[in-house]
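Before any comments, here is the structure.
Protein chains: 2
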Amino acid sequence: MIRITKQTDYGIVLLTHLAAHPERTFNAPELAAETGLPLPMVSKTLKLLAREGLLASHRGVRGGYGLAQAATEITMTRVISALEGPIAITECIDISGDCAHERICPTRNNWQRINRALKEALDRISLAEMTPPSRTEPGAGLVQLGRGTSAAPAA
Amino acid sequence: MIRITKQTDYGIVLLTHLAAHPERTFNAPELAAETGLPLPMVSKTLKLLAREGLLASHRGVRGGYGLAQAATEITMTRVISALEGPIAITECIDISGDCAHERICPTRNNWQRINRALKEALDRISLAEMTPPSRTEPGAGLVQLGRGTSAAPAA
DNA sequence: CGGAATTCGTACCGAAACGGTCCTGTTTAT
DNA sequence: ATAAACAGGACCGTTTCGGTACGAATTCCG
């Protein structure tokens, strides 16, 4: 349904939480508690973000996670593609070139157009913009955004 | 991964095929043969599109399907929301109002921004624009676009 | 130097959605 | 009346997603 996954949603909540407190570093249990998200998922998501270079991880006894860059430097494009792969509405967009139907398939260019529009919209929004001045108080159960039971009429 | 479903992909192929021959009407087996798509899926998809008002169906022995409106009047937004529900990247967008986290959730406005950009991009493209002058020759096996085995690096 | 805390990596499982098929009406032209 | 075609389900296998668990590697602190 053109939805982001729940994990991506989690990731964004975590990142905004981190961005709201640039000085501190957080470990997984802290973040889970303060965002109200399930710890195992938080853990999993943080690892992914760290591997993708969005977070700096610090191992050992007083370890934790912190933003690898300034929140203003992180675009939503990067966040989303870190968490769920390249942004490509159709498969034919990221296989880049060897689409067997290229000759006959007239829609590809238009898909690229649509895809580009999406990506540009995502590029224009930085993590800092997604982060409010200083909301995201501890203990608040955020989220449950991502995919779900939508069954409304048509938009 | 922010992908459209395969059925949506099929639907677009079918619609462009119909748009390329506005005079004729097609029945399901014909369309399946001429697009190279599996008949049961074609049938299912056509029914959906008819129910959503994009196609006009004609029952009975010489029945078939035709576009319900001019191809220039049909936007991609309508096609996609007919086939996979309202366009909403996050759940909180189409539940429209009663998001329990509205107070604390800072990201909602930004999601709406992103969503709006996507929808506008989709609104700007009509079915006629997706349809080539007169390609889509009979018997050509189009498609296999939709979702799939993408595993490229990051965009 | 050794132990404890913490992240890292990976393997695993259940549930839901997706892709695809089939069957039983209902309608309509011949 | 009969055959062709749409309408509307129910149904199933496979994949993906959401979530869990466990062992290994790393680093701080006593």
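As given, the protein sequences belong to chains A and B, one line each in that order.
My numbering applies: residue 4 is where the first sequence begins, and numbers increase by one.
My numbering applies: residue 4 is where the second sequence begins, and numbers increase by one.
Think of the CB as a built atom: it goes at the ideal place given N, C-alpha and C, for glycine as much as any other residue.
Residues near residue i by beta carbon distance below 6 Å, same chain, minus five either side
i	result
N30(A)	G67
R111(A)	C95
L21(A)	L70
E87(A)	T8, T11
Closer than 9 Å at the beta carbon, the chain A residues around residue i
i	result
K6(B)	Strictly speaking, residue 6(B) in this sequence is Arg, with Lys absent from that position. Going along chain A in sequence order, the residues near R6(B) (Cβ under 9 Å) are I5, A91, I92, T93, E94.
Between the CA atoms of residue j and residue i - distance to the nearest angstrom
i	j	result
E76(A)	L52(A)	15 Å
R127(B)	V16(A)	32 Å
Y13(B)	E33(A)	46 Å
W114(A)	A131(A)	29 Å
T28(B)	N118(B)	35 Å
P89(B)	M79(B)	12 Å
K50(A)	E123(A)	27 Å
R6(B)	V45(B)	20 Å
T134(B)	A73(B)	12 Å
E26(A)	S60(A)	14 Å
R65(B)	T8(B)	31 Å
Within-8 Å CB hit, residue i to chain B
i	result
L121(A)	yes
Cβ of residue i within 8 Å of any chain A Cβ
i	result
L52(B)	no
A124(B)	yes
I77(B)	no
G14(B)	no
G100(B)	Residue confidence is low: G100(B) scores 49 on pLDDT, short of 50, so the model does not pin down where it sits. No coordinate-derived value is stated.
Interface residues of chain B facing residue i [CB-CB closer than 7 Å]
i	result
E132(A)	N113
Chain-ordered chain B contacts of residue i [CB-CB under 8 Å]
i	result
R116(A)	A124, I128
Residue i, DSSP secondary structure in three states
i	result
H24(A)	coil
A31(B)	helix
L40(B)	coil
A71(B)	coil
T48(A)	helix
T134(B)	coil
A93(A)	This sequence places Thr at residue 93(A); Ala is not what is there. Three-state result, T93(A): coil.
T8(A)	coil
L58(B)	strand
Contact test: residue i Cβ vs the ligand MN heavy atom, cutoff 7 Å
i	result
K47(A)	This structure lacks the ligand MN, and indeed carries no ligand of any kind.
Residues near residue i in its chain [Cβ-Cβ closer than 7 Å; skip 5 each side]
i	result
T48(B)	Q10, Y13, G14, L17
R81(A)	L57
8 Å CB neighbourhood of residue i in its chain, flanking five on each side removed
i	result
I92(B)	I5, W114, I117, N118, L121
S129(A)	A74, T75, E76, I77, T78, M79
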